[in-house]
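Shown next, in structure tokens, is the structure this report addresses.
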Amino acid sequence: MEVLIVDDLQKAFGRNTQAVSGVSFRVNKGEVFAFLGPNGAGKTTTIKMIAGLLLPDEGAGWIDGLDPHRNPMAMERFGAVLEGNRNLYWRMTAFENMRYFGVQKGLSQRTASRRADALLERFDLISKRNHQVRSLSRGMQQKLAIAVALIHEPRMLLLDEPTLGLDVSSSMQVISLIRELREQGMAIVLTTHQLDIAETLADRVAIIRDGRIIKEASKTDLILEFTPDGYEIELGGELSPANRDVLVDEFNATFEADRICLPGDSDHLYNALNVIRPTPIRSLGRAKVDLAYIFLQLTEEGYRS
Amino acid sequence: MIRLLYIELLRTLALTIRYPANFASSLFISTLMFYGLFMGAQYLSGQEVFGENLNAMVVGWTAWVLATKALNKPPLAIQAEADTGVLESVFLSRYKVWWIFFCRALSETLVDIVLIVIMVSLIVWLTGSEVSFSPAIAFPIAMLLLAGIGMGLIVGGVALQVKRLGAMLPSLQMLLLLLMFTPFENWTSGADRVIAVAAMWMPMVPSVVMLRGLMAFNTPFDPILAVYAAVNGIVWMAVGLIVFAKMAQRVKAKGLLAGY
Ligand SMILES: Nc1ncnc2c1ncn2[C@@H]1O[C@H](COP(=O)(O)OP(=O)(O)OP(=O)(O)O)[C@@H](O)[C@H]1O
Ligand SMILES: [Mg+2]
Numbered sequence: 059m060e061v062l063i064v065d066d067l068q069k070a071f072g073r074n075t076q077a078v079s080g081v082s083f084r085v086n087k088g089e090v091f092a093f094l095g096p097n098g099a100g101k102t103t104t105i106k107m108i109a110g111l112l113l114p115d116e117g118a119g120w121i122d123g124l125d126p127h128r129n130p131m132a133m134e135r136f137g138a139v140l141e142g143n144r145n146l147y148w149r150m151t152a153f154e155n156m157r158y159f160g161v162q163k164g165l166s167q168r169t170a171s172r173r174a175d176a177l178l179e180r181f182d183l184i185s186k187r188n189h190q191v192r193s194l195s196r197g198m199q200q201k202l203a204i205a206v207a208l209i210h211e212p213r214m215l216l217l218d219e220p221t222l223g224l225d226v227s228s229s230m231q232v233i234s235l236i237r238e239l240r241e242q243g244m245a246i247v248l249t250t251h252q253l254d255i256a257e258t259l260a261d262r263v264a265i266i267r268d269g270r271i272i273k274e275a276s277k278t279d280l281i282l283e284f285t286p287d288g289y290e291i292e293l294g295g296e297l298s299p300a301n302r303d304v305l306v307d308e309f310n311a312t313f314e315a316d317r318i319c320l321p322g323d324s325d326h327l328y329n330a331l332n333v334i335r336p337t338p339i340r341s342l343g344r345a346k347v348d349l350a351y352i353f354l355q356l357t358e359e360g361y362r363s
Numbered sequence: 168m169i170r171l172l173y174i175e176l177l178r179t180l181a182l183t184i185r186y187p188a189n190f191a192s193s194l195f196i197s198t199l200m201f202y203g204l205f206m207g208a209q210y211l212s213g214q215e216v217f218g219e220n221l222n223a224m225v226v227g228w229t230a231w232v233l234a235t236k237a238l239n240k241p242p243l244a245i246q247a248e249a250d251t252g253v254l255e256s257v258f259l260s261r262y263k264v265w266w267i268f269f270c271r272a273l274s275e276t277l278v279d280i281v282l283i284v285i286m287v288s289l290i291v292w293l294t295g296s297e298v299s300f301s302p303a304i305a306f307p308i309a310m311l312l313l314a315g316i317g318m319g320l321i322v323g324g325v326a327l328q329v330k331r332l333g334a335m336l337p338s339l340q341m342l343l344l345l346l347m348f349t350p351f352e353n354w355t356s357g358a359d360r361v362i363a364v365a366a367m368w369m370p371m372v373p374s375v376v377m378l379r380g381l382m383a384f385n386t387p388f389d390p391i392l393a394v395y396a397a398v399n400g401i402v403w404m405a406v407g408l409i410v411f412a413k414m415a416q417r418v419k420a421k422g423l424l425a426g427y
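Note that the protein sequences, when read in sequence, are chains X and G.
Position one of the first sequence corresponds to residue 59 (the numbering used here), numbered consecutively onward.
Position one of the second sequence corresponds to residue 168 (the numbering used here), numbered consecutively onward.
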């Protein structure tokens, strides 16, 4: 079920900066949509247009069928944590912030207070309930910002660089939170420069460059598409030079340290294994690529063309 | 909608008394300042300030302080919030931003009124003098503050676009001072009269004229002046809201929210 529909968003700043030119995508319930792209690609601009903070020149986004620029009810359907760490009131306590922004999202004072305590408990922040936000660590601030974004029980979450500036353990906490929310059916749009995070979290990936989506696919499809045919074989012993030559000449294999990269299908593999026998094999698998590799392929290709 | 006013009031209160020591000392300093003003006036005029004069002075000062705060607070707060980025979080509200900032201005003014009443009581108690006002002064003060809030919203709306507005504020305060302390009610002949009539449409002027009348000259409650004051207060507040709403819209179109 589609929670977010983005259709042909465009935004220019002044005459010379076309920040976003025609971005469209859809996000389903329980899906993490990762928005990747180099600095200045237009990720934040897109997120802000979806969140109703920036008026698009063209196009629109609908959350649950509602356009935030036309219908204030739309603001109740999503939560957002924008770039940077100052999106809460630093001189107010964790609890006061949650209650304040809860009411801003349309809750009653009482509901906001009740949910604030429940979320602080769940996010392991209850001991900081009455501490001012400025006294919290960066990781805690980020968790609190996410908690604030969830207080009105939205259907979608927009997260602009949610792990920026967090140490490893805080990042892990945020990642597992995002996973948990996804399990519960939240639609999540996030941007990040940390491709490993996108790789662990994302269901779908869009790569944006110069304001245009240059690739959008499910993560598995994307990885499959970029995965070269062939296998990687790791040996547990020395291969005789003669066999080695056979593999190179007849099987087009390449050697990388103690790994053999073998192109082709499984028949090809069986034949090659006959050549390798009886050298012990430590591991055998499909050649792997990661998101970082794909990202570089796509963005550099873009620069060349 | 009442919800929003209530949460803004809670927020203002929480921030006002966040640091009790700071809060107490700033209250104390402001009290002393007024006390100094009061003594200075006594010294300059060479006579005891009491009775009508004291009443007029207390009310004039109170009104001026409240109006200045209403004028200064929105732009300064907006600037600070745009710098940190929290302004965007506020814009994520499901309520209209002009309504949020109106509720904010109103709750800040209410808290300021309470504080100033405490200060005045302290001074009266310190000096052992007596002040007495007719309850009728509440009306022009309220209208004056409505207009003041409207002005604050206009300047606040401009602050959304022009982030470094700080330098302009002192001159705006001068203008405010001029509007509040020019005795337009005495300008009754020739060109002066034309100016005085026009001035009745300037923010706060009829309210101040009415207040002065009630306080210093003990004129009876003038219903026509009261209508002027009410219309003035409401119109300027409405202008403030409209300007603010327009500016907020412009900011969303131009992407000026995050300090670009
Ligand atoms: N309010 C604004 N006024 C003028 N130009 C802007 C504004 N906001 C963004 N831009 C420009 O639009 C382009 C896209 O910026 P955007 O912040 O969306 O990129 P991004 O993908 O989020 O980059 P990053 O990875 O650095 O966060 C950039 O060239 C930026 O300078
Ligand atoms: Mg960005």
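Note that the Cβ used here is the ideal one computed from N, Cα and C, for glycine as well.
Note that the structure is a prediction, hence the values are computed from the model and not measured.
Could you name the residues of the stretch 239-264 of chain G whose beta carbon sits closer than 8 Å to any beta carbon of chain X, in the order they occur along the chain?
-> T251, G252, V253, E255, S256, V257, F258, L259, S260, R261, Y262 and K263
Closest by CA to X:G295, which one among X:E257, X:S341 and X:F153?
-> Counting from 1 along the first sequence, the entry for residue 295 of chain X is found at position 237. Among X:E257, X:S341 and X:F153, the Cα nearest to that of X:G295 is on X:S341.
For G:F258, is the classification buried or exposed, using 16 other Cβ atoms within 10 angstroms of its Cβ as the cut-off for buried?
-> The residue given as residue 258 of chain G occupies position 91 in the second sequence. Result: buried.
Return yes when the C-beta of X:T104 is under 7 Å from any heavy atom of ligand 2, and no when it is not.
-> Indexing the first sequence from 1 puts residue 104 of chain X at position 46. X:T104: no, Cβ never under 7 Å from ligand 2.
Report the option in G:I362, G:L392 and G:R170 whose CA atom is closest to the CA atom of X:S166.
-> Counted from its first residue, the first sequence places residue 166 of chain X at position 108. The candidate whose alpha carbon is nearest that of X:S166 is G:R170.
Reduced DSSP secondary structure (H/G/I, E/B, other) of X:S227 | The residue you call residue 227 of chain X lines up with position 169 of the first sequence. Of the three classes helix, strand and coil, the one that applies to X:S227 here is helix, per DSSP.
Whose CA, out of G:T276, G:T198 and G:W368, lies closest to the CA of G:S288?
-> The residue labelled residue 288 of chain G in the question sits at position 121 within the second sequence. Per the Cα distances, G:T198.
Where X:R73 falls: helix, strand or coil (DSSP) | The sequence position of residue 73 of chain X within the first sequence is 15, counting from 1. Correct three-state label for X:R73: coil.
X:R192: buried (16+ other C-beta within 10 angstroms of its C-beta) or exposed?
-> Locating residue 192 of chain X in the first sequence gives position 134, counting from the first residue. Exposed, because fewer than 16 other Cβ atoms sit within 10 Å of the Cβ of X:R192.
Say yes only if the C-beta of X:F284 is nearer than 7 Å to one or more non-hydrogen atoms of ligand 1, and no if none qualify.
-> The residue labelled residue 284 of chain X in the question sits at position 226 within the first sequence. Checking the Cβ of X:F284 against ligand 1 gives no.
Assigned secondary structure, G:Y210 (DSSP; H/G/I helix, E/B strand, else coil) = In the second sequence, residue 210 of chain G corresponds to position 43, counting from 1. Correct three-state label for G:Y210: helix.
Closer than 7 Å: is that where the CB of X:K69 sits relative to any heavy atom of ligand 2?
-> Counting from one through the first sequence, the residue named residue 69 of chain X turns up at place 11. No, ligand 2 has no heavy atom inside 7 Å of this Cβ.
Which one or two residues does DSSP pair with X:M214 in a beta bridge?
-> To locate residue 214 of chain X, count along the first sequence from 1; it is residue 156. DSSP output for X:M214 lists X:F136 and X:A245 as bridge partner(s).
Range of the contiguous alpha helix (DSSP H) that encloses X:Y289 | Indexing the first sequence from 1 puts residue 289 of chain X at position 231. Looking at the DSSP string, X:Y289 is not in any alpha helix (DSSP H); the run it does join, the beta strand (DSSP E), is Y289 to L293.
For X:A311, which of helix, strand or coil comes out of DSSP?
-> The residue labelled residue 311 of chain X in the question sits at position 253 within the first sequence. Note: X:A311 maps to coil in three-state DSSP.
Any heavy atom of ligand 1 closer than 7 Å to the Cβ of X:H326?
-> For the purposes of this step, residue 326 of chain X is identified with residue 268 of the first sequence, where counting begins at 1. Checking every heavy atom of ligand 1 against the Cβ of X:H326, none is found closer than 7 Å.
Does the stretch 286-304 of chain X touch the stretch 253-269 of chain X, meaning 3 or more C-beta pairs lie closer than 8 Å?
-> no
What's the C-alpha gap between X:N129 and X:H210?
-> Walking along the first sequence from the start, residue 129 of chain X turns up at place 71. Walking along the first sequence from the start, residue 210 of chain X turns up at place 152. Their Cα atoms are separated by approximately 17 Å.
Find the residues of chain X that neighbour G:R170, judging by a C-beta separation of less than 9 Å, and give them in chain order.
-> By 1-based counting over the second sequence, the position of residue 170 of chain G is 3. The answer, in chain order, is V161, G164, L165, S166 and Q167.
Check: X:E52 C-beta below 7 Å from any heavy atom of ligand 1 | The structure shown does not extend to residue 52 of chain X, since chain X is modelled only from 59 to 363, so the question has no answer here.
Of all Cβ atoms in chain X, is any one closer than 8 Å to the Cβ of G:G422?
-> In the second sequence, residue 422 of chain G corresponds to position 255, counting from 1. Judged by the 8 Å Cβ criterion, G:G422 is in contact with chain X.
Does the beta carbon of X:G142 come closer than 8 Å to any beta carbon on chain G?
-> Numbered from 1 along the first sequence, position 84 holds the residue referred to as residue 142 of chain X. Interface residue, yes.
At a CB-CB cut-off below 7 Å, which residues of chain X make contact with G:Y173?
-> Taking the second sequence and counting its residues from 1, the one referred to as residue 173 of chain G is at position 6. Q167, listed in chain order.
Identify every run of the beta strand (DSSP E) within the stretch 65-131 of chain X, keeping only runs that are complete inside it and at least 3 residues long; order them along the chain.
-> 75-86, 90-94 and 116-121
X:A92: beta carbon under 7 Å from a heavy atom of ligand 1?
-> In the first sequence, the residue the question calls residue 92 of chain X occupies position 34. No, the Cβ of X:A92 stays beyond 7 Å of every heavy atom of ligand 1.
G:G422: beta carbon under 7 Å from a heavy atom of ligand 1?
-> Reading the second sequence from its first residue, position 255 is the one you call residue 422 of chain G. Yes, since a heavy atom of ligand 1 falls inside the 7 Å radius drawn around the Cβ of G:G422.
Any heavy atom of ligand 1 closer than 7 Å to the Cβ of X:G98?
-> Taking the first residue of the first sequence as 1, we reach residue 98 of chain X at position 40. Answer for X:G98: yes, Cβ within range of ligand 1.
X:E290 versus X:Q162, X:I339, X:A260 and X:T249, residue with shortest Cα-Cα distance | Taking the first residue of the first sequence as position 1, residue 290 of chain X is located at position 232. Minimum Cα distance to X:E290 is reached at X:I339.
Buried or exposed: where does G:M206 fall if 16 or more other Cβ atoms within 10 Å of its Cβ makes it buried?
-> In the second sequence, counting from the first residue as 1, residue 206 of chain G sits at position 39. Result: exposed.
When every heavy atom of ligand 1 is checked, does at least one fall within less than 7 Å of the C-beta of X:A77?
-> Against the first sequence, residue 77 of chain X aligns to sequence position 19. X:A77 Cβ: within cutoff of ligand 1.
Identity of the residue in X:T258, X:P212, X:D115 and X:M244 nearest X:S229 by Cα = Counting from one through the first sequence, the residue named residue 229 of chain X turns up at place 171. Here the closest residue by C-alpha is X:T258.
Three-state secondary structure (DSSP) at X:E60?
-> Along the first sequence, one-based indexing puts residue 60 of chain X at 2. It is a strand residue.
8 Å Cβ cutoff met for X:I266 and X:A109 = Within the first sequence, the letter at position 208 stands for residue 266 of chain X. Within the first sequence, the letter at position 51 stands for residue 109 of chain X. No, these two residues do not count as a Cβ contact at 8 Å.
Name, in chain order, the residues that DSSP records as bridge partners for X:P318.
-> Counted from its first residue, the first sequence places residue 318 of chain X at position 260. The sequence as given places Ile at residue 318 of chain X; Pro does not occur at that position. DSSP, once it has assigned bridges, lists X:I291 and X:F313 as partnering X:I318.
Which class does G:L381 belong to by DSSP, given the choice of helix, strand or coil?
-> Within the second sequence, the letter at position 214 stands for residue 381 of chain G. Here G:L381 sits in helix by DSSP.
What residues from chain X crowd round G:A181, counting only those whose CB sits closer than 7 Å?
-> Taking the first residue of the second sequence as position 1, residue 181 of chain G is located at position 14. Correct list: M150 and E154.
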